[in-house]
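Undergrad: My questions all concern the structure below.
Number of protein chains: 2
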Amino acid sequence: MAITATETDTPSARAFGPAAALSCRECGQRYDLAPSFACEFCFGPLEVAYEFGEVTREAIARGPNNIWRYADLLPVPGNVAELPNMNPGLTPLVRADRLAAELGMRSLHVKDDSANPTHSFKDRVVAMAVEAARTFGFRTLSCSSTGNLAGAVGAASARAGFRSCVFIPAGLEEGKIVMAAVYGGKVVAIDGTYDDVNRFCSELIGDPAGEDWGFVNVNLRPYYAEGSKTLAYEIAEQLGWRLPEQIIVPIASGSQLTKIDKGFRELIELGLVQDRPYKVFGAQAAGCSPVAAAYEQGHDVIQPVKPDTIAKSLAIGNPADGPYVLDVCRRTGGAVARVDDAAVVDSISLLARTEGVFAETAGGVTTGVLRKLLDEGTLDPRAETVVLNTGDGLKTLNAVEAGVTATIKPSLDVFKEAGLL
Amino acid sequence: MAITATETDTPSARAFGPAAALSCRECGQRYDLAPSFACEFCFGPLEVAYEFGEVTREAIARGPNNIWRYADLLPVPGNVAELPNMNPGLTPLVRADRLAAELGMRSLHVKDDSANPTHSFKDRVVAMAVEAARTFGFRTLSCSSTGNLAGAVGAASARAGFRSCVFIPAGLEEGKIVMAAVYGGKVVAIDGTYDDVNRFCSELIGDPAGEDWGFVNVNLRPYYAEGSKTLAYEIAEQLGWRLPEQIIVPIASGSQLTKIDKGFRELIELGLVQDRPYKVFGAQAAGCSPVAAAYEQGHDVIQPVKPDTIAKSLAIGNPADGPYVLDVCRRTGGAVARVDDAAVVDSISLLARTEGVFAETAGGVTTGVLRKLLDEGTLDPRAETVVLNTGDGLKTLNAVEAGVTATIKPSLDVFKEAGLL
Numbered sequence: 001m002a003i004t005a006t007e008t009d010t011p012s013a014r015a016f017g018p019a020a021a022l023s024c025r026e027c028g029q030r031y032d033l034a035p036s037f038a039c040e041f042c043f044g045p046l047e048v049a050y051e052f053g054e055v056t057r058e059a060i061a062r063g064p065n066n067i068w069r070y071a072d073l074l075p076v077p078g079n080v081a082e083l084p085n086m087n088p089g090l091t092p093l094v095r096a097d098r099l100a101a102e103l104g105m106r107s108l109h110v111k112d113d114s115a116n117p118t119h120s121f122k123d124r125v126v127a128m129a130v131e132a133a134r135t136f137g138f139r140t141l142s143c144s145s146t147g148n149l150a151g152a153v154g155a156a157s158a159r160a161g162f163r164s165c166v167f168i169p170a171g172l173e174e175g176k177i178v179m180a181a182v183y184g185g186k187v188v189a190i191d192g193t194y195d196d197v198n199r200f201c202s203e204l205i206g207d208p209a210g211e212d213w214g215f216v217n218v219n220l221r222p223y224y225a226e227g228s229k230t231l232a233y234e235i236a237e238q239l240g241w242r243l244p245e246q247i248i249v250p251i252a253s254g255s256q257l258t259k260i261d262k263g264f265r266e267l268i269e270l271g272l273v274q275d276r277p278y279k280v281f282g283a284q285a286a287g288c289s290p291v292a293a294a295y296e297q298g299h300d301v302i303q304p305v306k307p308d309t310i311a312k313s314l315a316i317g318n319p320a321d322g323p324y325v326l327d328v329c330r331r332t333g334g335a336v337a338r339v340d341d342a343a344v345v346d347s348i349s350l351l352a353r354t355e356g357v358f359a360e361t362a363g364g365v366t367t368g369v370l371r372k373l374l375d376e377g378t379l380d381p382r383a384e385t386v387v388l389n390t391g392d393g394l395k396t397l398n399a400v401e402a403g404v405t406a407t408i409k410p411s412l413d414v415f416k417e418a419g420l421l
Numbered sequence: 001m002a003i004t005a006t007e008t009d010t011p012s013a014r015a016f017g018p019a020a021a022l023s024c025r026e027c028g029q030r031y032d033l034a035p036s037f038a039c040e041f042c043f044g045p046l047e048v049a050y051e052f053g054e055v056t057r058e059a060i061a062r063g064p065n066n067i068w069r070y071a072d073l074l075p076v077p078g079n080v081a082e083l084p085n086m087n088p089g090l091t092p093l094v095r096a097d098r099l100a101a102e103l104g105m106r107s108l109h110v111k112d113d114s115a116n117p118t119h120s121f122k123d124r125v126v127a128m129a130v131e132a133a134r135t136f137g138f139r140t141l142s143c144s145s146t147g148n149l150a151g152a153v154g155a156a157s158a159r160a161g162f163r164s165c166v167f168i169p170a171g172l173e174e175g176k177i178v179m180a181a182v183y184g185g186k187v188v189a190i191d192g193t194y195d196d197v198n199r200f201c202s203e204l205i206g207d208p209a210g211e212d213w214g215f216v217n218v219n220l221r222p223y224y225a226e227g228s229k230t231l232a233y234e235i236a237e238q239l240g241w242r243l244p245e246q247i248i249v250p251i252a253s254g255s256q257l258t259k260i261d262k263g264f265r266e267l268i269e270l271g272l273v274q275d276r277p278y279k280v281f282g283a284q285a286a287g288c289s290p291v292a293a294a295y296e297q298g299h300d301v302i303q304p305v306k307p308d309t310i311a312k313s314l315a316i317g318n319p320a321d322g323p324y325v326l327d328v329c330r331r332t333g334g335a336v337a338r339v340d341d342a343a344v345v346d347s348i349s350l351l352a353r354t355e356g357v358f359a360e361t362a363g364g365v366t367t368g369v370l371r372k373l374l375d376e377g378t379l380d381p382r383a384e385t386v387v388l389n390t391g392d393g394l395k396t397l398n399a400v401e402a403g404v405t406a407t408i409k410p411s412l413d414v415f416k417e418a419g420l421l
């Protein structure tokens, strides 16, 4: 049922805070806030539309030290901080002076989302989905996942008292599998790629068997996706309420990049930051880079690919938000670029040895793209730049080759003779 | 040179903020603030003594969202927040309502230190050691480590621009080895136990070869150890400036437990919290439980043991601060208890499935001891209780048996037939 959002103060409206409606990204058609994700008219994706009240820096500063300080900008109830949730966010914005010096940059920060409860940015989006699932009365939380999301859903379900059943492609890193399973929910591996898993989930949602299931990244996707806006809010607040001039964001489905842009624009509209230009750069691994390919070729349409990269958390061959990523990067004067797996590994080491940040492969992708775009002259080394690390190196241990320098007997003589000083 | 601390405003005094001297825990002899750790007269351990200025809740609240909000209570310079450091702390105090319900408790919180930059509480203590090393002019940071500390030293050295060389017992978990090595420093495995590693390091410090080396947990230990006080400060602040009635702390060297007690007492003395009784409980794994054994037998002296437990981060057979742990637990009316490895594994799962917190084995030990002491009637289920998780489950993956529920073809029929709904 298509509606124009009203301002009546129904319980449902209060449950979603400032969110007023779902709105089709393609045709603009508006819908009630419901667990739906595609436009009935044009099949475009739905996203949350808001009617914001007054939001001040001071009120935000008084809020909790997590994403709920931005509750007035999110589709969540006003008392969200008191509900059982993983409460992610306010992760460090690391001033990366040593990495900047090595790259010849003036000002570089790393937004390190490995500090989230399950050590990836996915805790942000799942936190939103949990609140929507609670309001809609779902009992089971589910997702298709390249790994990080499965862990985030498992943990959040445990904390908030949902059953969970997550779907992953077979062959994921051990750390991600254990982290998905340890919280007691079901973890089902699907013989196939992430895109096969995604198709399977869409089938399950259409089936009566999936009736009381909230798929965080399918039927709860409009709410879920909004969680990525908090990255934009935090970066701006942590820079002293200023937008960075350049930001490098990894692309999996592409949703995160588009929502960071949405977050920046909201801050400008609400007068929380000065309206100054910012450029958004998208980063992909060469082994799964359909958006970078389209960007390079000047296309608007994304040609799906079969992923083959160590950056498994970005291995989405058919990225739903790819076209919107192209829009954002082109509109802001950014770009989309890709680096191969060797550069990913090398960049993980670079970030670790200069800044003490142990990134997941996705962080190697963004840091690699940072270097590449600097080399090409596409990035301005004098502009204030933020690079995202969205996951934790502990989850992709196999990607790095780091081990003991030597194993010796407990003797000072042996130590000296081994030339280890 | 033994001295009585003066109030002269030397650069050295400013570099250590409110710290006034080192003081022998046994005989009270005072020393200048230097990289020394044992009393020249009685060989007792040295610890930092302070002359605090006025410290208010409001000033703390205005500070950064990390341990430096408590800089006025720590041996660090006033501008510490601007120096390159990992800036750990202000980790979540998780309100564990579901776990409390399962255990029949009224109020339980989990202090989850896996949220620190390298995912263990060690970032807190290393942050202190880095500042002391900077002041003393050391160029290389080092440590003996059961794993977590090696990662924390590696990361902090990278961030702050020190060389690093860390020593670990051979046979550690893969995650801990990679996390120690990835930051580019040296990682030397010693054939032997942690206690062998420790002896080796003491030998190296006495040798000219180790002259410009800061061993965070040996010659920088007095400063390093103070970092654990921040756990006490954070717990009190996060409870609304109130001390918990019961706290369960893991015991490795025992330092952490004694410093949490020191932190609580400081808060009382400074008038930041009400002076009310609190009980400190120590937790060990049965396979390395010399302090629990001494407690049970009513001894004051610790009989060293050879560790044999999956809780490797607690596997210190000759804990330096064991006697002081006994003092604190006895003085506050607490206890020291131990659980076997099966209980550790079971407790990791319990914490994960009720609260979404994936703890390292050390967190399984504290949660296991929590259950045991409740069963025994030693813990009051009606008293406000905090249990510490000091590390991250991702680092001890082998301890838990969690894997995929099933692997299936991407077909709804197969899914239903497999009975997975």
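Protein chains in written order, with full-length UniProt numbering: chain A, 1 to 421; chain B, 1 to 421. Idealized CB from N, CA, C, for every residue including glycine.
Less than 7 Å between C-beta atoms, sequence neighbours within five positions excluded: which residues of the same chain meet that for F215 (chain A)?
TA: If we look at F215 (chain A) and ignore the five residues flanking it on each side, its Cβ neighbours are S142, C143, C201, I205.
Undergrad: Nearest CA to the CA of K306 (chain A): which residue from A:N398, A:G317, A:E376, A:A160?
TA: For K306 (chain A), the nearest C-alpha among the options comes from A:G317.
Undergrad: Flag this pair as yes or no: are the beta carbons of A129 (chain B) and V188 (chain A) separated by less than 8 Å?
TA: No, they are not a contact pair.
Undergrad: K186 (chain B) by DSSP, collapsed to three states: which one?
TA: Here K186 (chain B) sits in strand by DSSP.
Undergrad: Below 8 Å on the Cβ atoms is my guess for V365 (chain B) versus V336 (chain B); work out the distance and round it to an integer in Å.
TA: That belief does not hold up - the Cβ atoms of V365 (chain B) and V336 (chain B) are roughly 12 Å apart, past 8 Å.
Undergrad: Does the CB of D97 (chain A) have a neighbour CB from chain B at under 8 Å?
TA: Output row for D97 (chain A): interface = yes.
Undergrad: Beta-carbon within less than 7 Å of E226 (chain A)'s beta-carbon, same chain only, minus the 5 sequence neighbours each way: which residues are those?
TA: These residues qualify, in order along the chain: V48, L74, P75, M128, K259.
Undergrad: To be precise: take each residue of the segment 192-219 of chain B, compare its Cβ to all Cβ atoms of chain A, and keep it if any distance is under 8 Å. Which residues remain?
TA: Listed by position along the chain: G192, D196, V197, R199, F200, E203, L204, D207, A209.
Undergrad: The segment 342-357 of chain B: which residues have C-beta closer than 8 Å to a C-beta of chain A, in chain order?
TA: Answer in chain order: I348, S349, A352, R353, T354, E355, G356, V357.
Undergrad: May I ask you to list the residues that DSSP assigns as paired with C288 (chain A)?
TA: BP columns for C288 (chain A) point to A:A285.
Undergrad: For the segment 255-272 of chain B against the segment 337-356 of chain B, are there 3 or more C-beta pairs whose distance is under 8 Å?
TA: No: fewer than three Cβ pairs fall under 8 Å.
Undergrad: Quick one, are the C-beta atoms of G403 (chain A) and I168 (chain B) less than 8 Å apart?
TA: Their beta carbons are not under 8 Å apart, which means G403 (chain A) does not touch I168 (chain B) by this criterion.
Undergrad: Given a threshold of 16 other Cβ atoms within 10 Å of its Cβ, counted over all protein chains shown, does V325 (chain A) qualify as buried or as exposed?
TA: So V325 (chain A) counts as buried.
Undergrad: Please go through the same chain and pick out, in chain order, the residues whose beta-carbon is closer than 7 Å to the beta-carbon of I408 (chain A), but skip the five residues on each side of it.
TA: Result list for I408 (chain A): V414, F415, A418, in chain order.
Undergrad: Quick one: list the residues of chain A neighbouring V130 (chain B), beta-carbon separation under 9 Å, in chain order.
TA: Ordered by position in chain A, no residue passes the 9 Å Cβ test against V130 (chain B), which lies about 10 Å from the chain.
Undergrad: So, is the C-beta of N65 (chain A) closer than 8 Å to a C-beta in chain B?
TA: True, the Cβ-Cβ gap to chain B drops below 8 Å.
Undergrad: Out of B:D392, B:F138, B:L374, B:V273, which has the shortest C-alpha to C-alpha gap to R106 (chain B)?
TA: For the residues B:D392, B:F138, B:L374, B:V273, the minimum Cα distance to R106 (chain B) belongs to B:L374.
Undergrad: By how many angstroms is the C-alpha of P64 (chain A) removed from the C-alpha of T6 (chain A)?
TA: Any reading at T6 (chain A) must be qualified, since the residue scores a pLDDT of 43, below 50, and its modelled position is unreliable; no value is offered.
Undergrad: Over the uninterrupted beta strand (DSSP E) stretch that includes L204 (chain B), give me the two end residues.
TA: Note, L204 (chain B): premise wrong, no beta strand (DSSP E); alpha helix (DSSP H) at 194-205.
Undergrad: Would you call C165 (chain A) buried or exposed, if buried means 16 or more other Cβ atoms sit within 10 Å of its Cβ?
TA: Counting Cβ neighbours within 10 Å, C165 (chain A) comes out buried, since at least 16 surround it.
Undergrad: Less than 8 Å between CB atoms is the rule here; does R159 (chain B) satisfy it with respect to chain A?
TA: Chain A, which has a Cβ nearer than 8 Å to the Cβ of R159 (chain B), makes this yes.
Undergrad: Consider the Cβ of V178 (chain A): report whether some Cβ of chain B lies at a distance smaller than 8 Å.
TA: Closer than 8 Å to some Cβ of chain B, the Cβ of V178 (chain A) qualifies, so yes.
Undergrad: According to DSSP, simplified to helix, strand and coil, what is V404 (chain B)?
TA: It is coil, neither helix nor strand.
Undergrad: Thinking just about the alpha-carbon of each residue, which of A:Y295, A:G333, A:G393, A:N217 is nearest to the one in G322 (chain A)?
TA: For the residues A:Y295, A:G333, A:G393, A:N217, the minimum Cα distance to G322 (chain A) belongs to A:Y295.
Undergrad: Sorted by chain position, which residues of the same chain lie with C-beta nearer than 7 Å to A362 (chain A)'s C-beta, five sequence neighbours on each side aside?
TA: Excluding positions up to five away in sequence, the list reads P250, A311, S313, L314, T390, G391.
Undergrad: Here's a check: name, in chain order, each residue in its chain whose Cβ is nearer than 6 Å to the Cβ of G151 (chain A), leaving out the five neighbours to either side.
TA: So the list reads T118, M179, A180, once near-sequence residues are dropped.
Undergrad: Assuming residue 451 (chain A) and G44 (chain A) form a contact by the criterion Cβ under 8 Å, report the distance between their Cβ atoms to the nearest whole angstrom.
TA: There is no way to answer for residue 451 (chain A), as the model of chain A reaches only from 1 to 421.
Undergrad: Within the 8 Å Cβ cut-off, does I268 (chain A) reach chain B?
TA: Output row for I268 (chain A): interface = no.
Undergrad: Looking at the C-beta of T407 (chain B), does it have a partner C-beta in chain A at a distance below 8 Å?
TA: Yes, T407 (chain B) counts as interfacial toward chain A.
Undergrad: List the residues of chain A whose Cβ lies closer than 9 Å to the Cβ of L420 (chain B), in chain order.
TA: Residues of chain A passing the Cβ test: C165, K186, V188.
Undergrad: Taking the Cβ atom as the reference point for each residue, do T91 (chain B) and D113 (chain B) lie within a distance shorter than 8 Å?
TA: Result yes, Cβ atoms of T91 (chain B) and D113 (chain B) sit closer than 8 Å.
Undergrad: How big is the Cα-Cα spacing for A59 (chain B) and S120 (chain A)?
TA: Cα to Cα, A59 (chain B) sits roughly 32 Å from S120 (chain A).
Undergrad: Check whether the segment 278-291 of chain A and the segment 240-250 of chain A are in contact - that is, three or more C-beta pairs closer than 8 Å.
TA: Yes, since at least three Cβ pairs between the segment 278-291 of chain A and the segment 240-250 of chain A fall closer than 8 Å, the two stretches touch.
Undergrad: Using DSSP with H/G/I as helix, E/B as strand and the rest coil, what is E360 (chain A)?
TA: The answer is coil: DSSP assigns E360 (chain A) none of H, G, I, E or B.
Undergrad: Taking only beta-carbon atoms, is Y70 (chain A) less than 8 Å away from chain B?
TA: Chain B, which has no Cβ nearer than 8 Å to the Cβ of Y70 (chain A), makes this no.
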